[in-house]
Structures are given as structure tokens and as C-alpha cells.
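Listed in order, the protein sequences are those of chains A and B. Counting along the first sequence from 1, when you hit position 85 you're at 85 in my numbering, and nothing is skipped either side. Counting along the second sequence from 1, when you hit position 65 you're at 1065 in my numbering, and nothing is skipped either side. Notes follow once the structure below has been shown.
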Amino acid sequence: GAVVSQHPSRVICKSGTSVKIECRSLDFQATTMFWYRQFPKQSLMLMATSNEGSKATYEQGVEKDKFLINHASLTLSTLTVTSAHPEDSSFYICSARTGVGTEAFFGQGTRLTVV
Amino acid sequence: AQSVTQPDIHITVSEGASLELRCNYSYGATPYLFWYVQSPGQGLQLLLKYFSGDTLVQGIKGFEAEFKRSQSSFNLRKPSVHWSDAAEYFCAVGVTGGGNKLTFGTGTQLKVEL
């Protein structure tokens, strides 16, 4: 199947700094990428939908100025957590799909710890 | 808005026993339905999906699921569980509008006793 690579897999940062997470589709072009957040022992909560070349669509309650999403190419989307705080510590997962009605392929996730 | 319910938070089965994980969805039209598996600290792997056609779908690792429109269900089954199947299982529904985003259930944690 298609491969989605997420980097880094783990990151620890100091409170107040920014962290960038990359999501790459390695062998297909992803017109749409999704960013999810998963709290311990909970389900995935969609944060935003990212379409190549356009602004991301954020879900209700997600601060777009805090979670900056860029989808500059058909194979790369980035999530930047700005001015991170300990409550931003979580597992962030991206997924990518090629088009309408197609399955989503998930990255391996990024464990963010803000200290 | 669509929603997914996985009634069982935890399930424990003995190795070799059969397994059924329940999933109910709420959506006005025919949805796209998915089952994913997640190992600790890992991303999600697709087990199987239903888009249309045959309501009994076969997936990887010996899993299957049946779409029952009358019951709004998409239960996951496996005839004989292996210890390596222990993981978290998520049912998800995708809809044609809204950019095809997925809505996930809360997950079922499967424990396999040897």
C-alpha cells in the first residue's frame, strides 16, 4: 500500500518554543492531508484538513494561529505548533489520500512532549 | 453530522477463539466505512474498508467485516485470534462531503490471553 512518512517520531521541546512536524506521501500524490490529535487512551480527533495550495480548514475549537498547517506540495504537509505549552503534549498523526472516496493512509505519528 | 459508536472499550479473548468487535454508525446516506488497527505508539494501519458492493469485505490478517445497513453496523470479525492481534481497533466513517474526512469511534482495546 501507499506509504506516509511522518517526522519526527518523537520530539521534546521547551515551553514557549515552536515545533514543526512533517508529513510526506512517499509514493503517491496527496491532494488532501489530514491532521489528527490523539490523547492517551482516546480516539483520534481531527484538527484540520489540508488541501494542496490552499489554506487549511480547521475544525471547531482548534486554534489556527497556534497550529499552523502548510501544504505546499502534493507530497508534503507540515504542522507547526507555535509557542508550545505542556497542554499541547500529545500524539499527532497525519493521513493522506489521493482523492474523493479513496482510503486514507496514516503516518506513524509524532509524540510531542512540551516541558 | 456523522458519528461512530464502538460500545466495547475493552475486550479480552483467548488465543484461538473467535472475535467480533462492534461498530455502529450514524449517517444519513451510505457511508464509507473503515477499520483500523493501532499498536502502542504507532500510527494506524488499515485492516479493511467498505465503499460499495458486496457487504462482506475481507481484509488483511484474516479479518473480515460485514456492512448491515438495516442495523447501521459494520462489525469486525476474525475466526481465530492470534496473540499478535492485541492492539487498539478503531472503526471510522467517511462521508462524501466535507473533504472526505474521517470520524473515528472511541476504539476497542483488544487483549489476547495465551
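Just so it is clear, CB atoms sit at the ideal spot from N, CA and C, and this is done for glycine as well.
- Ranking A:Asp88, A:Met47, A:Ala2 by CA distance to the CA of Ser15 (chain A) puts A:Asp88 first.
- Taking 7 Å as the threshold, the shortest C-beta distance from Gly1062 (chain B) to chain A does not fall below it.
- Proximity of chain A to Leu1046 (chain B) at the Cβ level (cut-off 9 Å) is accounted for by Gly1, Glu103, Ala104, Phe105, Phe106, in chain order.
- By the neighbour-count definition (other C-beta atoms within 10 Å, threshold 16), Trp35 (chain A) is a buried residue.
- Taking a Cβ-Cβ threshold of 8 Å, the residues of chain A close to Lys1101 (chain B) are Phe34, Leu46, Thr49, in chain order.
- Distance from the CA atom of Gln1002 (chain B) to the CA atom of Trp1035 (chain B), rounded to whole angstroms, is 16 Å.
- Nearest C-alpha to Glu1088 (chain B) among B:Val1004, B:Pro1031, B:Gly1016, B:Gln1042: B:Gln1042.
- Counting C-beta atoms within 10 angstroms of its own C-beta, Asp65 (chain A) has fewer than 16 neighbours from the protein chains shown and is therefore classed as exposed.
- When the alpha-carbon of Pro1079 (chain B) is set against those of B:Val1013, B:Gly1053, B:Asp1008, the nearest one is in B:Val1013.
- DSSP places Gly1094 (chain B) in the strand class (E or B) of the three-state scheme.
- Interface criterion met: the Cβ of Ser43 (chain A) is under 7 Å from a Cβ in chain B.
- In the three-state reduction of the DSSP assignment, Lys1061 (chain B) falls in the helix class.
- Annotation for Glu63 (chain A): no residue places its beta carbon closer than 8 Å to its own, counting only its chain and skipping 5 residues before and after.
- By a beta-carbon distance limit of 8 Å, Ala84 (chain A) contacts Cys13 (chain A). Their separation comes to about 6 Å.
- Chain-ordered, the chain B residues with CB closer than 8 Å to the CB of Gly109 (chain A) read Gly1041, Gln1042, Gly1043.
- Under the Cβ distance rule, Ile69 (chain A) does not count among the residues neighbouring chain B, no pair being separated by less than 7 Å.
- For the set B:Gly1094, B:Ser1073, B:Tyr1032, B:Ser1018, the Cα lying nearest the Cα of Glu1113 (chain B) is the one of B:Ser1018.
- Excluding the 5 residues flanking it on each side, Gln38 (chain A) has same chain C-beta neighbours closer than 8 Å at Leu44, Met45, Ser90, Phe91, Tyr92, Ile93, Gly109, in chain order.
- Note that the region 1024-1040 of chain B touches the region 1051-1065 of chain B; at least 3 beta-carbon pairs, one per stretch, sit closer than 8 Å.
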